[in-house]
Amino acid sequence: MRERIKVLFLSPEAVPFAKTGGLADVAGSLPQALNRLDLDIRLVLPLYTMVRHSKIKMHLLFNDVKVPLGGTLLSVRVWEAQTPGEVPVYFIEREDMFDRPHLYGTALGDYHDNLERFTVYSHGALRIAEELSFTPDVIHCNDWQSGLVPALLAGPYSTSPFVGKARTIFTIHNLGYQGIFPAEKLYLTGLTRETCFHPEGLEFWGKISLLKAGIVYADSITTVSSTYAKEIQTDNYGMGMEGILHHRRSSLTGILNGADYHVWNPADDSNLAVPYSLKKIAGKRRCKEALIKEMHLDRSLTTQPLLAMISRLDTQKGLDLLIKILDDILSLNAGLVILGTGEASIQEALKTTAINNPGRVALTVGFDEPLAHRIIAGADMLLIPSRYEPCGLTQMYALKYGTIPVVRATGGLDDTITPFNPQTGKGNGFKFTAYTPKALLRTLQKAIELFHTTGAWRKLRTNGMKEDFSWDRSAHSYLELYNTTMGKT
Ligand code: ADP
Ligand code: GLC
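Below is the structure:
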């Protein structure tokens, strides 16, 4: 009998345990989809406060695992639980590092000891495998928080009888977060200056970059859409990593994320006022009315276009474009609902807009998963005018909920959204290319005009609701990649 492929999957966040963005959605769903393909896949996460306080059933697996940090050995405890799809999850407990209100930092900035925290996480994951005598074929790392792992496997763990032979995959979800730390802290990681602190290693402009460590030392690199895989090899999108990414292009592929329709399905979504589907579409109107009421918006918007944004408030997301054309949008009799949290300056600009336009603009600052579902269901359009977007998940969710995505043609947005053509009846959204307020406004004008053309709008909505971006296809692509990477010598 063929042996099951064994995978250790590292992600600093995963639904339903801890989430700040789309990575959590991916790390929550992809391991389950791979589990369904009969892989022995196991997830490792830090034990954050929010996990500790959740009602998740877990048991103590190890009371005292020694993890190196600099010259010392720290003791961590390890808890085991299962994801809803029965993937084993190991939580690394170290109260002084992970028992905090946020995952990576506060609105004022990153935690000062993130290198220490994610060094302990990275070593901790490898040490757990050793303690369990688990010999992964593949260690799949995600983003800078586990970028150290491929370097550790090329260095101090290369002779480990358990993990030493594992092949590594490093998935880039966002090149904007590079895990940059002062060079003096390198000793904490267990790596030496001689072996890796140089331009062909993890040195990046005189500092350490854990993202670069992942890119340089992993056997295979992936990112979350084909377009982003090409974009990041260019000056415009490479954020200083374009050279090394281009150099490693033969090991770099783009695999589009999926949408988890167990979580995002309007026909079976307990967050909604009324469930609905293509066959029972009247429920969508009821969800819109409920949202208008909940957000204290003008009742007149029931028959006018209601636009929405659900997003981290980050320069990546193109909110600056939106803020510049807000008056023009409102003059088209549209309403706007925004849910987001992030940079203080963006938050302030949006607050002013909301205060100046009561009844037309509703802003909720914070992270609120059930509200995100109600907004996606209740809105007519979802705006995603991103400066760059590795994949983007909300456009896929919006499609399933009959909410029309209006996106900028970049990364995964470009790969998932096709402009609607009223002549042919083909397409699933609206798309613009130039990163300018004018281009966004022009596209929104077109979208709003179509909104008032009932038949065409219905066709567009139907096209979107019929789309299928489920994880199974992407999981097969990862499986193929695991197989090729395991074949690499
Ligand atoms: P990114 O990972 O860059 O933030 P994605 O589109 O891939 O962008 O994923 C964002 C995920 O986070 C989606 O599941 C979206 O619904 C969710 N999200 C973003 N902001 C909020 C918020 N303020 N409240 C609730 N969910 C949010
Ligand atoms: C990142 C990206 C987003 C992507 C998500 C999951 O945070 O910004 O585009 O969908 O990761 O891969």
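The working numbering numbers the first residue of the sequence shown as 175 and each following residue consecutively. Where is the CB? At the ideal position from N, CA and C, for every residue including glycine. Treat the numbers as computed from the prediction; the structure is a model and nothing was measured.
Check: Pop quiz: R534 and G566 are said to be a contact at Cβ under 8 Å. What is the actual Cβ separation, rounded to whole angstroms?; Outcome: No, R534 and G566 are not in contact; Cβ-Cβ is about 26 Å, not under 8 Å.
Check: Answer yes if the region 408 to 424 comes into contact with the region 375 to 391, meaning at least three C-beta pairs across the two stretches below 8 Å, and no otherwise.; Outcome: yes
Check: Considering only their Cβ atoms, is the gap separating S560 from V584 smaller than 8 Å?; Outcome: Contrary to the premise, residue 584 reads as Thr rather than Val in this sequence. Cβ atoms of T584 and S560: closer than 8 Å.
Check: So, with DSSP's three-state summary, where would you put S451?; Outcome: coil
Check: Taking 7 Å as the cut-off, is the beta-carbon of E543 closer than that to any non-hydrogen atom of the ligand ADP?; Outcome: yes
Check: In whole angstroms, what separates the C-alpha of L208 from that of A546?; Outcome: 27 Å
Check: Over what stretch of residues does the alpha helix (DSSP H) that includes E416 continue unbroken?; Outcome: E416 to H421
Check: Going by alpha carbons, who is nearest to T476 out of E563, K467, G586 and Y609?; Outcome: K467
Check: Does the ligand ADP have a heavy atom nearer than 7 Å to the CB of G195?; Outcome: yes
Check: Starting from R582, follow its DSSP beta bridges and name the residues at the other end.; Outcome: F606
Check: Tell me the DSSP secondary structure of A621 in three-state form.; Outcome: helix
Check: What distance in whole Å lies between the Cβ atoms of L587 and V581, which are believed to be in contact at a cut-off of 8 Å?; Outcome: 4 Å
Check: Could you tell me the boundaries of the alpha helix (DSSP H) in which M483 lies?; Outcome: Segment L480 to L487 is the beta strand (DSSP E) holding M483; no alpha helix (DSSP H) there.
Check: Can you confirm whether the region 197 to 217 touches the region 320 to 331 when touching is taken to mean that 3 or more C-beta pairs between the two stretches lie within less than 8 Å?; Outcome: no
Check: State the Cα-Cα distance for the pair D542 and I503, rounded to the nearest angstrom.; Outcome: 26 Å
Check: Is the closest heavy atom of the ligand ADP to the C-beta of I484 under 7 Å?; Outcome: yes
Check: Would you kindly work out how many angstroms separate the C-alpha atoms of K640 and A188, rounded to a whole number?; Outcome: 27 Å
Check: Compute the Euclidean distance between the alpha carbons of N348 and I406, then round it to the nearest angstrom.; Outcome: 10 Å
Check: Let me know the secondary structure DSSP gives Q569 once reduced to three states.; Outcome: helix
Check: For L243, which of G259, F292 and Y285 has the nearest alpha-carbon?; Outcome: F292
Check: Quick one: does the C-beta of H314 sit closer than 7 Å to a heavy atom of the ligand GLC?; Outcome: no
Check: In whole angstroms, give me the CA-to-CA distance for G353 and N595.; Outcome: 43 Å
Check: Relative to the ligand GLC, is the shortest distance from any of its heavy atoms to the C-beta of L567 smaller than 7 Å?; Outcome: yes
Check: Which value, in whole angstroms, describes the spacing of the CA atoms of L500 and Q521?; Outcome: 15 Å
Check: Could you tell me the boundaries of the beta strand (DSSP E) in which A255 lies?; Outcome: T246 to Q256
Check: Assuming P479 and I622 form a contact by the criterion Cβ under 8 Å, report the distance between their Cβ atoms to the nearest whole angstrom.; Outcome: 5 Å
Check: Taking the runs of the alpha helix (DSSP H) that are 4 residues or longer, which of them lie wholly in the region 218 to 248?; Outcome: 223 to 226
Check: Could you pull out every residue in the same chain whose Cβ sits closer than 7 Å to the Cβ of G350, ignoring the five residues on either side in sequence?; Outcome: M413 and Q490
Check: According to the Cβ coordinates, are M232 and A255 closer than 8 Å?; Outcome: yes
Check: Between T309, D409 and G321, which has its C-alpha nearest T333's C-alpha?; Outcome: T309
Check: Answer yes or no: the CB of N530 versus the heavy atoms of the ligand GLC, is any distance below 7 Å?; Outcome: no
Check: I'd like to check one pair, L426 with N316: are the Cβ atoms closer than 8 Å?; Outcome: no
Check: Looking only at DSSP bridge pairs, what is F378 linked to?; Outcome: K381
Check: Here's the rule I'm using: 16 or more other beta-carbon atoms within 10 Å means buried, otherwise exposed. How should N288 be labelled?; Outcome: buried
Check: Measure the CB-CB distance between L247 and K240 and report whether it falls below 8 Å.; Outcome: yes
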